[in-house]
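Residue numbers (this note's numbering): 103 to 369. Working notes for the structure below.
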Amino acid sequence: MATYNKFVLIRSHVGEFIKSYYHLTDYPLGQLKLGFLQDFDHFLKLQKVQNQNTVNKTIERGKKVVKIAVAHGWLTHDPFALFRKKRFVKAVVYLDSEELDLLKNYQFSGKLNTIRNIFLFSCYTGLAYHEVSHLRNVHLKTNKGMLWIEMIRQKTKRPISVPLLPKALAVLEYYDYLNNDGALLPVISNQKLNAYLKDVGSELGIEKHLTHHVARKTFASTVLLNNDVPVDVASFLLGHSKVSTTEEFYAKVQRVRVLTHLSKISG
């Protein structure tokens with residue numbers, strides 16, 4: 103039903119589009135040209151105020167309908183075959199070193215203290231929500247005098263091996279992990295966790311939209327990249343299936359670092 107509703111919405115958008123751009127209530131299928139899709143892209147961004155990612159998804163569904171028309175012989179060729187969707191670059195949200203220190207040192211009380219601890223733990227381990235919520239003592243291994251987290255990452259099904267940095271270990275010690283036979287952290291649902299993180303950000307005066315995933319990005323950027331950890335090592339610690347995934351993220355964060363350094367020089 104959800105998929106059906108999405109196509110109903112596209113039909114509505116197309117109806118509004120041809121009325122607005124061509125002053126028609128219908129548009130001949132045989133007259134579809136590449137320009138139609140380019141104009142539709144423009145319409146969705148300006149009049150429906152959709153971001154590029156949403157526009158791309160809308161157009162992809164529309165192209166599926168056209169392919170069905172071609173398959174049934176209602177069109178002799180795909181008029182949209184040459185259309186290339188515009189790349190959507192999502193902004194990277196993470197805590198910088200000052201914000202991370204503020205989070206670490208702030209005296210929260212009650213529920214927000216728990217939420218901060220869970221988030222902080224992921225800032226220093228890079229663990230995603232699923233891994234944090236399933237973390238048990240069986241996942242802790244000692245190697246050359248250091249504790250490591252070793253488990254399978256749900257998203258990629260790849261093994262991950264992350265050293266327990268002192269600040270992350272301090273969180274586990276706070277919850278007496280050595281005497282805990284169950285979950286090592288008092289994790290609530292991801293939805294509720296993210297809702298509470300809004301309150302954490304508000305209390306700290308951080309205007310960024312905090313979700314648990316921001317902690318993983320903070321580990322990759324502020325903890326790893328800012329300490330000159332090589333990209334291949336970071337990729338291993340993050341459990342990425344491809345080094346190129348880590349490289350792309352590093353490139354985005356590097357732009358921010360360059361701007362920061364340039365602002366210091368110009369100042």
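Built from N, CA and C at the ideal position, the CB exists for glycine as well. Keep in mind that this is a model prediction, so the values were computed, not measured.
On the premise that Leu287 lies in contact with Thr266, defined as a C-beta separation below 8 Å, what is that separation, rounded to the nearest angstrom?
The residue labelled residue 266 in the question sits at position 164 within the sequence shown. The residue labelled residue 287 in the question sits at position 185 within the sequence shown. Per the sequence shown, the amino acid found at residue 266 is Leu instead of Thr. The C-beta distance from Leu266 to Leu287 rounds to 13 Å, too long to fall under 8 Å, and the pair is not in contact.
What residues in its chain sit with their C-beta under 6 Å from that of His115, if we drop five residues either side in the sequence?
By one-based count along the sequence shown, residue 115 stands at place 13. Closer than 6 Å at the Cβ level, and outside the excluded window around His115, lies no residue.
Are the CB atoms of Val172 and His179 nearer to each other than 8 Å?
As a working mapping, residue 172 is identified with position 70 in the sequence shown. As a working mapping, residue 179 is identified with position 77 in the sequence shown. A Cβ-Cβ contact shorter than 8 Å links Val172 with His179.
Would you mind giving the Cβ-Cβ distance between Val89 and Leu327, rounded to the nearest angstrom? I have them listed as a contact below 8 Å.
The chain is shown only over 103 to 369; residue 89 falls outside these bounds and no answer can be derived.
Evaluate the contact criterion for the segment 215-226 versus the segment 303-318: three or more CB pairs, one atom per stretch, below 8 Å.
Judged by Cβ distances under 8 Å, the segment 215-226 makes contact with the segment 303-318, as three or more pairs qualify.
What does the Cβ neighbour count give for Ala336, buried or exposed, with the cut at 16 atoms within 10 Å?
Mapped onto the sequence shown, residue 336 falls at position 234. Sixteen is the threshold: when 16 or more other Cβ atoms of the shown chains lie within 10 Å of the Cβ of Ala336, as they do, the residue is buried.
How about the segment 149-157 and the segment 127-139: do they share at least three Cβ pairs that are nearer than 8 Å?
Judged by Cβ distances under 8 Å, the segment 149-157 makes no contact with the segment 127-139, as fewer than three pairs qualify.
If you follow the alpha helix (DSSP H) that Leu274 is part of, which residue opens it and which one closes it?
Looking up residue 274 in the sequence shown gives position 172. Secondary structure note for Leu274: its alpha helix (DSSP H) is the uninterrupted segment 268-276.
Residue ranges of each alpha helix (DSSP H) within the segment 296-326, 4 or longer
Every alpha helix (DSSP H) of 4 residues or more that sits fully in the segment 296-326 is shown, in chain order, as 314-320.
What does DSSP give as the partner residue(s) for Asn245 in the beta ladder?
Reading the sequence shown from its first residue, position 143 is the one you call residue 245. Paired residues: Met248.
Please report how far the alpha carbon of Arg255 lies from the alpha carbon of Lys121, in whole angstroms.
If you number the sequence shown from 1, residue 255 lands on position 153. If you number the sequence shown from 1, residue 121 lands on position 19. A straight line joining the alpha-carbon of Arg255 with that of Lys121 spans about 49 Å.
First and last residue of the uninterrupted beta strand (DSSP E) at Ser263
For the purposes of this step, residue 263 is taken as residue 161 along the sequence shown, with counting starting at 1. Counting along the chain, the beta strand (DSSP E) containing Ser263 begins and ends at 261-265.
Can you name, in chain order, every residue of its own chain whose Cβ lies under 7 Å from the Cβ of Val157, other than the five neighbours on each side?
Here residue 157 is taken as the residue at index 55 of the sequence shown, counted from 1. The beta carbon of Val157 lies closer than 7 Å to those of Asp143, Leu146, Lys147 in the same chain, with the five residues before and after it left out.
Check whether the segment 339-352 touches the segment 199-216, counting contact only when three or more Cβ pairs, one atom from each stretch, lie closer than 8 Å.
Result no; under three Cβ-Cβ pairs closer than 8 Å.
Tell me which residues share the same chain as Ile308 and place their Cβ nearer than 6 Å to its Cβ, disregarding the 5 neighbours each side in the sequence.
Your numbering for residue 308 matches position 206 in the sequence shown. Only Glu201 meet the Cβ criterion.
Beta-carbon proximity check, Ala285 vs Arg238, cutoff 8 Å
Sequence index remark: in the sequence shown, residue 285 carries index 183 (1-based). Sequence index remark: in the sequence shown, residue 238 carries index 136 (1-based). Their beta carbons are under 8 Å apart, which means Ala285 touches Arg238 by this criterion.
Report the partner residues of Ile254 according to the DSSP bridge assignment.
Locating residue 254 in the sequence shown gives position 152, where the first residue counts as 1. According to DSSP, Ile254 bridges with Pro261.
Cβ-based neighbour list, Leu126, same chain, cut-off 8 Å, excluding 5 preceding and 5 following
Counted from its first residue, the sequence shown places residue 126 at position 24. Excluding positions up to five away in sequence, the list reads Ile120.
Rounded to whole angstroms, what's the CA-CA distance from Ala270 to Lys187? Just pull it up for me.
Within the sequence shown, the letter at position 168 stands for residue 270. Within the sequence shown, the letter at position 85 stands for residue 187. Straight through space, the alpha carbons of Lys187 and Ala270 are spaced by roughly 42 Å.
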